[in-house]
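Residues 149 to 432 in the working numbering are what the sequence shown spells out, letter by letter. Glycine included, each C-beta is placed from N, C-alpha and C at the ideal position. Reading through the structure tokens given below for one structure.
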Amino acid sequence: MREVACVNGQFMPLAEACISVNDRGFLFGDSVYEVARTYEGRVWALDRHLERLRRSLEGIQIEGVDLNAVRANMLEAYQRSGFDNAVIYVQITRGAGPRSHVPDGPMKPTILITVRLCKGAREEQVRNGVEVILVDETRWARRDIKTTNLLPNILALQQAHARGAHEAVFVTDDGWVHEASHSNLFIVSGGVVRTPPKGPALLPGITRDLVLECARRAGIPAEELPVSREALLSADEVFLTGTSSEVLGVVRIDGQPVASGTVGPITRRLHALYQDRVAAGDDA
Ligand code: PMP
149 MREVACVNGQ
159 FMPLAEACIS
169 VNDRGFLFGD
179 SVYEVARTYE
189 GRVWALDRHL
199 ERLRRSLEGI
209 QIEGVDLNAV
219 RANMLEAYQR
229 SGFDNAVIYV
239 QITRGAGPRS
249 HVPDGPMKPT
259 ILITVRLCKG
269 AREEQVRNGV
279 EVILVDETRW
289 ARRDIKTTNL
299 LPNILALQQA
309 HARGAHEAVF
319 VTDDGWVHEA
329 SHSNLFIVSG
339 GVVRTPPKGP
349 ALLPGITRDL
359 VLECARRAGI
369 PAEELPVSRE
379 ALLSADEVFL
389 TGTSSEVLGV
399 VRIDGQPVAS
409 GTVGPITRRL
419 HALYQDRVAA
429 GDDA
């Protein structure tokens, strides 16, 4: 088993992969990305990830990418890695050329795919839940596009880690909470699951959608409505969703316990329902 890269259709060991110093992804963060994971030999929710990638490319007007070829190369890179449970990363940049803010003419996108072992959430985190901190929302206005411009996310997460927390949740000036640095956010109040609606303010998480579907199929009331800072702080349960971490209970916010300070029953139920979906390969 080994880490594999595919650069513009060429496969190689990850350690040998190179990108031009003139690449606009490197120079400007002029690029979009996706992260998919596999379970026991199968890429989970691949169609959904490719559709989001298509939207991201459209969102920053990168043209001329054959997403069927990207799909085939993702699958081949995964196969070559030999890993069962892997993380497949795809980054597509506008391409390489002389450094100027606006490219002189049409560019050939750079397509990077890497495959690594998936670590996922630790069992102890799933069981006991995690702590989050609240940070100011400092990101741009199109957070629905999955760009590699992640500096505010990285600084927020660094701050969380420095304070011994797992995630940083962004709060806007007017007191709204849309998502965390690399996860979507859910609250449960009075038995009703709530997550902020899709739109420019947050990334339309694949896991978010799958978990909402799990809730609705199981008859658990679930709504897509704005979440205020107050609603978050007074919720019965809070949890995060993401491709690697799946469904992760939040038990403390800025050091204060969420309700009783343990992972709540609806969070546990949704975690189990999500595991069932994964086991059934049900990602359509
Ligand atoms: N929001 C942000 C900002 C993220 O980076 C991620 C992880 N890609 C998510 C939400 C969760 O998305 P997904 O479930 O598709 O991994």
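CB of residue i within 8 Å of CB of residue j, strictly
i	j	result
Val238	Leu201	yes
Asn156	Ala244	no
Thr258	Ile167	yes
Val183	Leu205	no
Ser408	Lys267	no
Pro369	Val340	yes
Phe387	Thr355	no
Arg270	Asp178	no
Ala234	Arg185	yes
Glu372	Val406	no
Residue i: CB within 7 Å of a non-hydrogen atom of ligand 1
i	result
Asn156	no
Arg356	yes
Ser331	yes
Glu361	no
Glu199	no
Thr320	no
Glu372	no
Exposure label - residue i; buried when at least 16 CB within 10 Å
i	result
Ala428	exposed
Met149	exposed
Val250	exposed
Asp195	exposed
Ala349	buried
Asp424	exposed
Arg141	Coverage of the chain is limited to positions 149 through 432, which leaves residue 141 absent and any answer about it impossible.
Ile240	buried
Neighbourhood of residue i by C-beta, 8 Å cutoff - its chain only, sequence neighbours within 5 removed
i	result
Glu199	none
Glu224	Cys154, Phe159
Contacts around residue i, its chain only, beta-carbon distance under 6 Å, and the 5 residues preceding and following it disregarded
i	result
Arg203	none
Thr262	Ala153, Leu162, Tyr237
Neighbourhood of residue i by C-beta distance below 7 Å, restricted to the same chain and skipping five residues each side
i	result
Leu418	Val359, Cys362, Ala363, Val395
Gly353	Asn332, Thr389, Gly390
**Asked** Would you say the segment 283-293 touches the segment 246-256, given that touching needs at least three Cβ pairs under 8 Å?
**Response** No, they do not touch.
**Item:** Sufficient close CB pairs (3 or more, under 8 Å) joining the segment 269-287 to the segment 313-332
**Value:** Yes: the two stretches touch, three or more of their Cβ pairs being nearer than 8 Å.
**Asked** Can at least three beta-carbon pairs, one atom from the segment 271-282 and one from the segment 391-402, be found at a separation below 8 Å?
**Response** Yes: the two stretches touch, three or more of their Cβ pairs being nearer than 8 Å.
**Prompt:** Does the segment 204-219 come close enough to the segment 305-324 to have 3 or more Cβ pairs within less than 8 Å?
**Reply:** Short answer: they don't touch.
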